[in-house]
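Note sheet for the following structure.
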Amino acid sequence: MSHGHPEAWRKSSYPGPGDGNECVEVATSPAHLAVRDSKTPSQATLTFPAGAFAVFVGALKESEDRPA
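In structure tokens, the structure reads:
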């Protein structure tokens, strides 16, 4: 997956609080989806096989709904 080019990345439509720069960027290909921190784009990137990112986000949402 070639996702090093700036035009390949797009910012989340759900920025965090504050100045709106606390969000993630994603880049997609037919086989993968990559996620990185928009504040530190040169740092680590998470790469998911196609379809796995939706499962990951679903699991995060489920964990938010559970009482601590």
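For the sequence shown, my numbering assigns the number 192 to the initial residue and increments by one for each residue that follows. Ideal placement from N, C-alpha and C gives every residue a C-beta, glycine not left out.
Mapping DSSP to helix, strand and coil, what is K252? helix
So for A243, helix, strand or coil by DSSP? helix
Short of 6 angstroms in beta carbon distance, which residues of its chain neighbour R227, apart from the five on each side in sequence? Order them along the chain. E216, T236
Under a Cβ-count criterion, where at least 16 other Cβ atoms within 10 Å of its own Cβ denotes burial, should L224 be classed as buried or exposed? buried
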